[in-house]
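J.:
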Amino acid sequence: MLLAIDTSAGTSVAVVDLDGGILAELSSDDTRRHTEVIGSLIAACIADSGITVSALSGVVAGMGPGPFTGLRVGIAAARVFAVGAGTKVIPAVSHDAIAFGCTEPTLVATDARRREVYWSTYSGSDAAGLPIRTSGPNLAKVGELDTAVHGFADYRLVEAATVSAGALGMLVETMLANGRDVESSFDGHPGALYLRSPDVTMSNGPKRVTT
Amino acid sequence: MKPLVLGIETSCDETGIGIVRGTELLANVISSSMDEHARYGGVVPEVAARAHLEALVPAIEQALAEADVTLADLDAIAVTSGPGLAGALMVGVGAAKALAVSLDKPIFAVNHLVGHVGADLISDTEPLEYPTIALLVSGGHTSLLLVRDLVSDVELLGETIDDAAGEAFDKVARLLGLPYPGGPHIDRVAVGGDPKAIRFPRGLSLPKDMAKHRYDFSFSGLKTSVARWVEREQDAGAELPIADVAASFREAVVDVLLTKAVAACNDLGVPRLLLGGGVVANARVRELAAERCEAAGIRLRIPPLSLCTDNGAMIAALGAQLIMAGRPPSTLDFGADSTLPVTTIQA
Ligand SMILES: [Zn+2]
Numbered sequence: 017m018l019l020a021i022d023t024s025a026g027t028s029v030a031v032v033d034l035d036g037g038i039l040a041e042l043s044s045d046d047t048r049r050h051t052e053v054i055g056s057l058i059a060a061c062i063a064d065s066g067i068t069v070s071a072l073s074g075v076v077a078g079m080g081p082g083p084f085t086g087l088r089v090g091i092a093a094a095r096v097f098a099v100g101a102g103t104k105v106i107p108a109v110s111h112d113a114i115a116f117g118c119t120e121p122t123l124v125a126t127d128a129r130r131r132e133v134y135w136s137t138y139s140g141s142d143a144a145g146l147p148i149r150t151s152g153p154n155l156a157k158v159g160e161l162d163t164a165v166h167g168f169a170d171y172r173l174v175e176a177a178t179v180s181a182g183a184l185g186m187l188v189e190t191m192l193a194n195g196r197d198v199e200s201s202f203d204g205h206p207g208a209l210y211l212r213s214p215d216v217t218m219s220n221g222p223k224r225v226t227t
Numbered sequence: 003m004k005p006l007v008l009g010i011e012t013s014c015d016e017t018g019i020g021i022v023r024g025t026e027l028l029a030n031v032i033s034s035s036m037d038e039h040a041r042y043g044g045v046v047p048e049v050a051a052r053a054h055l056e057a058l059v060p061a062i063e064q065a066l067a068e069a070d071v072t073l074a075d076l077d078a079i080a081v082t083s084g085p086g087l088a089g090a091l092m093v094g095v096g097a098a099k100a101l102a103v104s105l106d107k108p109i110f111a112v113n114h115l116v117g118h119v120g121a122d123l124i125s126d127t128e129p130l131e132y133p134t135i136a137l138l139v140s141g142g143h144t145s146l147l148l149v150r151d152l153v154s155d156v157e158l159l160g161e162t163i164d165d166a167a168g169e170a171f172d173k174v175a176r177l178l179g180l181p182y183p184g185g186p187h188i189d190r191v192a193v194g195g196d197p198k199a200i201r202f203p204r205g206l207s208l209p210k211d212m213a214k215h216r217y218d219f220s221f222s223g224l225k226t227s228v229a230r231w232v233e234r235e236q237d238a239g240a241e242l243p244i245a246d247v248a249a250s251f252r253e254a255v256v257d258v259l260l261t262k263a264v265a266a267c268n269d270l271g272v273p274r275l276l277l278g279g280g281v282v283a284n285a286r287v288r289e290l291a292a293e294r295c296e297a298a299g300i301r302l303r304i305p306p307l308s309l310c311t312d313n314g315a316m317i318a319a320l321g322a323q324l325i326m327a328g329r330p331p332s333t334l335d336f337g338a339d340s341t342l343p344v345t346t347i348q349a
């Protein structure tokens with residue numbers, strides 16, 4: 017049994033179980049109130065599913081990609097909830113949750129703000145029903161997705177305004193049940209998928225004040 | 003009952019996790035991202051927020067080990083909900099809520115500035131009496147408070163209308179070719195300098211300003227004045243008397259800070275002054291505070307430096323005070339408020 021938290025778009029929280037499926041899922045589409053809703057959604061999900069925290073075998077953290085400020089709220093919550101529950105945190109790629117269940121070539125794109133989009137491509141699903149990511153997550157300028165994505169026209173485009181923590185949790189349950197190494201879906205860096213450096217303008221020393 | 007509280011502080015560039023039992027300090031773990039900001043010459047909010055996310059879990063585990071308590075022993079979680087950098091605060095608030103829900107413990111969302119005052123309660127010496135004036139000075143804030151009661155009555159007398167004092171130190175350090183953070187480097191090169199060599203302006207101290215901004219501060223004019231002075235010397239091809247410039251600049255900052263703080267004590271008949279914030283690390287601040295308070299018959303309190311800079315223990319201490327005063331916990335829906343007023347002690 018897993019608690020899953022994703023704040024790469026809105027805020028989504030779920031309790032899932034390999035056999036029982038999604039036991040509870042609560043989401044808010046608001047992309048500006050992650051901090052406000054995260055605690056209540058977790059508490060309500062646990063209550064709705066009727067489980068106790070000690071029954072959890074892990075906490076799934078949606079690592080993005082997604083706008084940083086909101087994304088971090090969910091990752092911080094997942095990591096620290098796992099400490100409180102005495103269980104492990106399991107990082108997962110948020111785009112994989114959207115592609116989970118797709119059978120045709122799929123392009124997942126989400127708003128990265130500042131006229132950019134995060135994108136990943138999937139060729140379909142494997143025998144276990146898990147999505148096969150062929151590239152990404154990556155970052156492209158709005159309007160340049162068709163040139164950034166090789167074979168753009170062959171994909172079904174899914175613009176993901178929301179990410180389901182239930183889907184993310186079930187994805188991880190399925191991966192674990194099939195002996196997959198979850199961290200391997202991260203290219204060796206299972207941290208937050210920012211895909212952008214902190215924007216800082218390096219100063220060239222102090223400016224003159226006298227003219 | 004003395005509540006066991008874990009405090010989480012992420013308002014600026016220090017990830018602070020502290021644990022107190024009532025007024026007894028059990029752990030104070032601080033993980034700073036200061037080095038990562040050095041190359042930019044100031045705190046970069048996105049860099050700070052990323053660092054908080056990575057530092058939280060190790061800091062929590064270290065604090066529990068230091069305090070020799072388990073999460074199950076805790077009576078409550080306290081967290082800074084503001085003021086501070088929004089993106090940085092959100093990391094701590096998200097984490098604190100998750101911890102509270104996972105443990106089924108109450109959560110207290112508290113004010114960072116009032117937390118600085120609460121730091122005094124967990125320092126080793128006998129506690130301060132109320133009311134007191136509190137002067138809180140750091141790279142993020144410069145505030146003068148009247149504290150009548152820590153959990154119910156805190157008033158903002160004045161604050162900076164532009165830069166924080168710590169920022170002024172950083173900016174002037176850059177002018178002088180010194181590294182970040184500016185405070186300790188200004189202190190270092192000011193040794194042997196003449197604080198009276200150059201008369202830099204004292205912001206908001208003229209009679210016309212004192213009417214409207216009696217307890218407010220302004221440091222941006224001072225910074226410009228130092229820049230102008232330095233440029234004039236450089237244009238004339240003179241060698242810069244760095245020690246004198248540093249000592250004179252520092253004197254201007256410290257003088258105006260303490261003049262206004264002591265004036266508040268005198269005006270309001272409160273013979274007690276508490277200092278807090280990272281700028282308290284500055285030797286001249288402590289020295290001049292001692293001098294001026296002695297002369298004015300004001301009892302001065304300066305908590306140890308590890309409790310003056312931003313830390314989680316002060317947040318836990320304020321949380322414990324709220325519990326002991328019988329306050330109900332915060333509801334789970336509070337947010338991060340980058341401009342939370344000091345009058346909101348608990349959100
Ligand atoms: Zn502070």
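Taken in order, these protein sequences are the chains called A and B.
Quick note: the first sequence uses the numbering used here, first residue 17, plus one each step.
Quick note: the second sequence uses the numbering used here, first residue 3, plus one each step.
The beta carbon of each residue, even a glycine, is placed where N, CA and C say it ideally should be.
Skipping 5 residues on each side, what residues in its chain have a beta carbon closer than 8 Å to that of glutamate 56 of chain B?
T.: Cβ neighbours of glutamate 56 of chain B beyond the five flanking positions: none.
J.: Can you tell me which of the three DSSP states phenylalanine 221 of chain B falls into?
T.: If DSSP states are grouped into helix, strand and coil, phenylalanine 221 of chain B belongs with coil.
J.: Using a Cβ-Cβ cut-off of 9 Å, state whether tyrosine 134 of chain A counts as contacting chain E.
T.: Absent here is chain E; the protein component of the structure consists of chains A and B.
J.: Which whole-angstrom value is the C-beta distance of alanine 327 of chain B and valine 153 of chain B, which I expect to be below 8 Å?
T.: That belief holds up - the Cβ atoms of alanine 327 of chain B and valine 153 of chain B are roughly 5 Å apart, short of 8 Å.
J.: Tell me the rounded alpha-carbon separation between valine 258 of chain B and leucine 180 of chain B.
T.: Cα to Cα, the separation comes out at about 23 Å.
J.: Could you pull out every residue in the same chain whose Cβ sits closer than 8 Å to the Cβ of aspartate 46 of chain A, ignoring the five residues on either side in sequence?
T.: Here the set comprises Gly26, Thr27, Val53.
J.: Can you pull the DSSP bridge partners for alanine 63 of chain A?
T.: According to DSSP, alanine 63 of chain A bridges with nothing at all.
J.: Which residues does DSSP list as the beta-bridge partners of glutamate 289 of chain B?
T.: According to DSSP, which records beta bridges pairwise, glutamate 289 of chain B is partnered with nothing at all.
J.: Who's in the neighbourhood of ligand 1, going by beta-carbon under 5 Å from any heavy atom, listed in chain order?
T.: Checking every Cβ against the heavy atoms of ligand 1 under 5 Å gives B/Ser140, B/Asp312.
J.: In chain A, what lies closer than 8 Å to isoleucine 62 of chain B by C-beta?
T.: Within chain A, the residues near isoleucine 62 of chain B are Val96, Val99.
J.: Mind listing the chain B neighbours of proline 81 of chain A? Cutoff is C-beta to C-beta under 7 Å, in chain order.
T.: Near proline 81 of chain A there are no residues of chain B at all, since even the closest Cβ is about 14 Å away, more than 7 Å.
J.: In chain B, which residues lie less than 8 Å from valine 225 of chain A when you measure between Cβ atoms?
T.: The contacting residues are Thr226, Ala229, Arg230, Glu233.
J.: Pull up the CB-CB distance for histidine 50 of chain A and glycine 90 of chain A, whole angstroms please, since I reckon it's below 8 Å.
T.: At roughly 7 Å, the Cβ-Cβ gap stays under 8 Å, so histidine 50 of chain A and glycine 90 of chain A are in contact.
J.: First and last residue of the alpha helix (DSSP H) that includes asparagine 268 of chain B?
T.: First-last of the alpha helix (DSSP H) with asparagine 268 of chain B: 244–270.
J.: Mind pulling the alpha helix (DSSP H) runs of 4 or more residues that sit fully within the stretch 142–205 of chain B?
T.: Qualifying alpha helix (DSSP H) stretches, in chain order: 167–177, 184–192.
J.: With DSSP as the reference, label lysine 214 of chain B as helix, strand or coil.
T.: In this structure, lysine 214 of chain B counts as helix in the three-state DSSP scheme.
J.: Taking the CB atoms as reference points, tell me whether proline 81 of chain A and serine 24 of chain A lie closer together than 9 Å.
T.: Closer than 9 Å, so yes.
J.: Where DSSP assigns a beta bridge to leucine 348 of chain B, which residues make up the other side?
T.: Before going further, note that residue 348 of chain B is glutamine rather than leucine in the sequence given. DSSP output for glutamine 348 of chain B lists B/Val112 as bridge partner(s).
J.: Could you check if valine 81 of chain B is buried or exposed, using at least 16 other CB atoms within 10 Å of its CB as the buried criterion?
T.: The residue in question, valine 81 of chain B, is buried, as its Cβ has 16 or more Cβ neighbours within 10 Å.
J.: Put glutamate 131 of chain B into one of helix, strand or coil per three-state DSSP.
T.: Glutamate 131 of chain B: coil per DSSP, three-state reduction.
J.: 9 Å is my cut-off, CB to CB: does phenylalanine 202 of chain A come that close to chain B?
T.: Answer no: the Cβ-Cβ gap between phenylalanine 202 of chain A and chain B never drops below 9 Å.
J.: Beta-carbon of aspartate 22 of chain A versus every beta-carbon of chain B: anything under 9 Å?
T.: Answer no: the Cβ-Cβ gap between aspartate 22 of chain A and chain B never drops below 9 Å.
J.: Go through its chain and collect everything with a Cβ distance to leucine 209 of chain A's Cβ below 6 Å, but skip five positions before and after it.
T.: Same-chain partners within the cutoff: Met79, Gly80, Pro81, Pro153.
J.: Ignore the nearest five residues each way along the sequence and tell me which others in threonine 346 of chain B's own chain have a CB closer than 7 Å to its CB.
T.: Excluding residues within five positions, the ones whose Cβ falls inside 7 Å are Asn113.
J.: Which residues in the same chain as serine 34 of chain B place their Cβ atom closer than 7 Å to its Cβ, once the five residues preceding and following it in sequence are excluded?
T.: Only Asp15, Glu16 meet the Cβ criterion.
J.: Looking at the secondary structure, which residues open and close the alpha helix (DSSP H) in which valine 228 of chain A lies?
T.: As shown, chain A starts at 17 and ends at 227. That puts residue 228 of chain A outside it, with no answer to give.
J.: Can you find a CB in chain A that lies within less than 9 Å of the CB of glycine 94 of chain B?
T.: Output row for glycine 94 of chain B: interface = yes.
J.: Do glycine 299 of chain B and proline 331 of chain B have their C-beta atoms within less than 9 Å of each other?
T.: Going by C-beta atoms, glycine 299 of chain B is not nearer than 9 Å to proline 331 of chain B.
J.: If I'm right that alanine 254 of chain B touches alanine 192 of chain B with Cβ under 8 Å, what's the distance once you round it to whole angstroms?
T.: No, alanine 254 of chain B and alanine 192 of chain B are not in contact; Cβ-Cβ is about 12 Å, not under 8 Å.
J.: Run through the DSSP bridge pairs and tell me what tyrosine 134 of chain A is partnered with.
T.: In DSSP, tyrosine 134 of chain A forms a bridge with A/Thr126, A/Leu155.
J.: Measuring only from the beta carbon, is proline 133 of chain B closer than 8 Å to any heavy atom that is part of ligand 2?
T.: Of the ligands this structure carries, namely ligand 1, none is ligand 2.
J.: As a quick exercise: from B/Ala88, B/Val119, B/Ser125, B/Ile135, pick the residue whose alpha carbon is nearest that of valine 46 of chain B.
T.: Comparing Cα positions, the closest option is B/Ala88.
J.: So which residues on chain B does threonine 51 of chain A lean against when the C-beta distance must stay under 7 Å?
T.: Result: Met92, Val95, Gly96, Gly337, Ala338.
J.: Of all the CB atoms in chain A, is at least one closer than 9 Å to the CB of arginine 150 of chain B?
T.: It does not: the Cβ of arginine 150 of chain B has no partner Cβ on chain A nearer than 9 Å.
J.: Pick helix, strand or coil for proline 209 of chain B, following the three-state DSSP scheme.
T.: Of the three classes helix, strand and coil, the one that applies to proline 209 of chain B here is helix, per DSSP.
J.: Run the CB neighbour count on proline 209 of chain B, radius 10 Å, all protein chains shown included, and call it buried at 16 or more, exposed below.
T.: Counting Cβ neighbours within 10 Å, proline 209 of chain B comes out exposed, since fewer than 16 surround it.
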